[in-house]
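Per the working numbering, residue 1 is the first one in the sequence shown, and the count goes up by one each step. Idealized CB from N, CA, C, for every residue including glycine. Following: one structure in structure tokens, then a few remarks.
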Amino acid sequence: MNFALTAEQEQLRDAVVRLCERFGDDYWLAKDRDGGFPHDFHQAFAAAGWLGIAMPEEYGGAGLGITEAGLMLQTIAETGAGFSGCSALHMNIFGLNPVVVFGTDEQKRRMLPPLIAGEHKACFAVTEPDAGLDTLNLKTRAERRGGPLRRVGPEDLDLDRAGRAQDAPARRTTPAEQVARRTEGLTLFYTDLDRRHVEVREIDKMGRMAVDSNQLFLDGLPVRLADRIGEEGRGFDYILHGMNPERILVGAEAVGLGRAALARASRLCQGERVVFGRPIGKNQAIQHPPRAQLDGARGRETSWCSRRPPSTTRDARAAPRRTPRNSSAPKPRSPPAQTAVTSHGGMGYAREFHVERYLREAMIARLAPVSAEMILNFIGEKVLGLPRSY
1 MNFALTAEQE
11 QLRDAVVRLC
21 ERFGDDYWLA
31 KDRDGGFPHD
41 FHQAFAAAGW
51 LGIAMPEEYG
61 GAGLGITEAG
71 LMLQTIAETG
81 AGFSGCSALH
91 MNIFGLNPVV
101 VFGTDEQKRR
111 MLPPLIAGEH
121 KACFAVTEPD
131 AGLDTLNLKT
141 RAERRGGPLR
151 RVGPEDLDLD
161 RAGRAQDAPA
171 RRTTPAEQVA
181 RRTEGLTLFY
191 TDLDRRHVEV
201 REIDKMGRMA
211 VDSNQLFLDG
221 LPVRLADRIG
231 EEGRGFDYIL
241 HGMNPERILV
251 GAEAVGLGRA
261 ALARASRLCQ
271 GERVVFGRPI
281 GKNQAIQHPP
291 RAQLDGARGR
301 ETSWCSRRPP
311 STTRDARAAP
321 RRTPRNSSAP
331 KPRSPPAQTA
341 VTSHGGMGYA
351 REFHVERYLR
361 EAMIARLAPV
371 SAEMILNFIG
381 EKVLGLPRSY
């Protein structure tokens, strides 16, 4: 496989860099300090047509693939926007992919154009406080109560942007004890968050303050049958078409964040920081650790598996296992975000130099969309043929 950028992909990267130049380090430092969704950043990408990069052209998208989407998000992170910038956009790419694949033409025409135009913001609700990564253990139910409605409740933990979003929830419509396989009985919806039936509580967290995370409390939320995606009870199969691209894209974003940290550390070491009468970049212990590790995991290589059959999830799951180490891995390898902090000495702890923000954001790829330990469990079972461990 040749993973060199094509001329068109180089043009894509250059265009994204030019757009991100309008939102520099001071912009993201302020967002990290004060919070608040980056609406102007989001709208700039909408106006330039990037929010629909992987959406079908007939609905206003660019008709490109996860490879190009991964390149775009990796570039955004690499400019210094990090996970804050990427998280403001990437839900458009993977969150509604189940609609692209399984939605009716009416649903696609109703749901996709507002997202592409930046008029709607989607969120993904597929877990609960006591479920974590065990999506099949959802307790929230959707029940038919006459007419064309379903009612959803009572509680759910949503990860992104519920304060301003439309919700793409997965809910049990058949109790787990009544299905032949645990993967059956979940149903996927894309619906409005009617605040008469939804309470939203923002979660205070250590980083990525620009994109809020929320706990939702649902009380009899009505959902139209027209907002159900695909068949009832097959939601878990459908949602994988969003989760697998998510894993690939988060991996690409982690590579971009690692490169941003590496670039800042390299500039400092070339001459900005002089210790014992010499730039610290002359020391081999400073030069050696980060570069080879970044080159070992390229976001575009992991995105190649997006062209394989949807049932082939091994590479998609492995992508975030390989790439977070480029931004946040523990020793013995010293990751770029950590190396960038230590290269700055005591000032690496200071917010004005940005690298401590990179280190905090890098933890996202260690936790979401799936932990490294669960990825290794999956590989042990599906690749090595070992007994299931969870």
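Neighbourhood of residue i by C-beta distance below 7 Å, restricted to the same chain and skipping five residues each side
| i | result |
| --- | --- |
| residue 264 | 340, 354 and 355 |
| residue 347 | 353 |
| residue 388 | 381 |
| residue 243 | 369 |
6 Å CB neighbourhood of residue i in its chain, flanking five on each side removed
| i | result |
| --- | --- |
| residue 252 | 70, 73, 74 and 299 |
| residue 179 | 185 |
| residue 236 | 183 and 186 |
| residue 272 | none |
| residue 77 | 86, 253, 256 and 257 |
| residue 207 | 360 and 361 |
C-beta atoms of residue i and residue j nearer than 8 Å
| i | j | result |
| --- | --- | --- |
| residue 188 | residue 98 | yes |
| residue 211 | residue 87 | yes |
| residue 344 | residue 268 | yes |
| residue 44 | residue 64 | no |
| residue 85 | residue 41 | yes |
| residue 270 | residue 277 | no |
| residue 336 | residue 262 | yes |
| residue 102 | residue 238 | yes |
| residue 226 | residue 358 | no |
Between the CA atoms of residue j and residue i - distance to the nearest angstrom
| i | j | result |
| --- | --- | --- |
| residue 351 | residue 21 | 20 Å |
| residue 362 | residue 209 | 13 Å |
| residue 201 | residue 83 | 22 Å |
| residue 143 | residue 228 | 13 Å |
| residue 199 | residue 50 | 31 Å |
| residue 181 | residue 376 | 23 Å |
| residue 26 | residue 89 | 20 Å |
| residue 287 | residue 378 | 35 Å |
| residue 33 | residue 284 | 35 Å |
| residue 131 | residue 374 | 14 Å |
| residue 391 | residue 35 | Nothing can be reported for residue 391: it is not among the residues displayed for the chain, which extend from 1 to 390. |
| residue 28 | residue 342 | 21 Å |
| residue 213 | residue 386 | 36 Å |
| residue 24 | residue 195 | 35 Å |
| residue 3 | residue 68 | 12 Å |
Per-residue DSSP class, three states only, for residue i
| i | result |
| --- | --- |
| residue 20 | helix |
| residue 360 | helix |
| residue 191 | strand |
| residue 6 | coil |
| residue 214 | strand |
| residue 131 | coil |
| residue 124 | strand |
| residue 229 | strand |
| residue 252 | helix |
| residue 299 | Residue confidence is low: residue 299 scores 48 on pLDDT, short of 50, so the model does not pin down where it sits. Its coordinate-derived value is still stated next. DSSP places residue 299 in helix when its eight states are reduced to three. |
| residue 184 | coil |
| residue 48 | coil |
| residue 275 | strand |
| residue 145 | coil |
| residue 381 | helix |
| residue 222 | strand |
| residue 172 | strand |
Expected contact under 8 Å - CB spacing of residue i and residue j to nearest Å
| i | j | result |
| --- | --- | --- |
| residue 220 | residue 197 | 6 Å |
| residue 133 | residue 172 | Residue 133 to residue 172, Cβ: 17 Å. No contact. |
| residue 135 | residue 127 | 6 Å |
| residue 245 | residue 93 | 7 Å |
| residue 55 | residue 16 | The Cβ separation is near 17 Å, so there is no contact. |
CB contact check: residue i to chain D, cutoff 8 Å
| i | result |
| --- | --- |
| residue 3 | In summary, chain D is missing from the structure at hand, where a single protein chain is found. |
Contact set for residue i: own chain, Cβ-Cβ below 8 Å, skip 5 residues either direction
| i | result |
| --- | --- |
| residue 423 | The first residue shown for the chain is 1 and the last is 390, placing residue 423 beyond what the model contains. |
| residue 57 | 63 |
The ligand FAD heavy atom lying under 7 Å from the CB of residue i
| i | result |
| --- | --- |
| residue 231 | By its list of ligands, the structure shown contains no ligand whatsoever, and the ligand FAD lies outside what it can speak to. |
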